[in-house]
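Numbering (our numbering), first residue to last: 398 to 470.
Each remark here refers to the structure printed beneath this line.
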């Protein structure tokens, strides 16, 4: 049966990863997910204008909404 262990760890000086649940000789599959810069805070403003069909500014979005509302009348 496959089991999973999830841990948040810090890589040590010798670049080893330690898990007390594992014994010497255990066969494991390793998947590493890491943040290169944990101190860099993500800001939703950095996403403005990056998606297909999105607006690059609030003014552009407001203008689009105004044009749409004008077509309703």
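Even glycine gets a Cβ: it sits at the ideal position worked out from N, Cα and C.
For clarity, every value in this text was computed on a predicted model and none was experimentally measured.
Distance check for residue j and residue i, CA to CA, integer angstroms please.
| i | j | result |
| --- | --- | --- |
| residue 400 | residue 460 | 54 Å |
| residue 451 | residue 462 | 13 Å |
| residue 416 | residue 453 | 46 Å |
| residue 471 | residue 430 | A question about residue 471 goes unanswered here, because the residues of the chain that appear run from 398 up to 470. |
Only counting the same chain, and skipping five residues up and downstream in sequence, which positions put a Cβ closer than 8 Å to that of residue i?
| i | result |
| --- | --- |
| residue 456 | none |
| residue 404 | 416 |
| residue 409 | 415 |
| residue 425 | 419 |
Within a Cβ cutoff of 7 Å, which residues of the same chain sit near residue i, ignoring the five residues on either side of it in sequence?
| i | result |
| --- | --- |
| residue 418 | 402 |
Provide the residue span of the alpha helix (DSSP H) that contains residue i, from first to last.
| i | result |
| --- | --- |
| residue 461 | 455 to 469 |
Take residue i and list the residues in its own chain whose beta-carbon comes closer than 6 Å to its own, dropping the five residues that flank it on each side.
| i | result |
| --- | --- |
| residue 466 | none |
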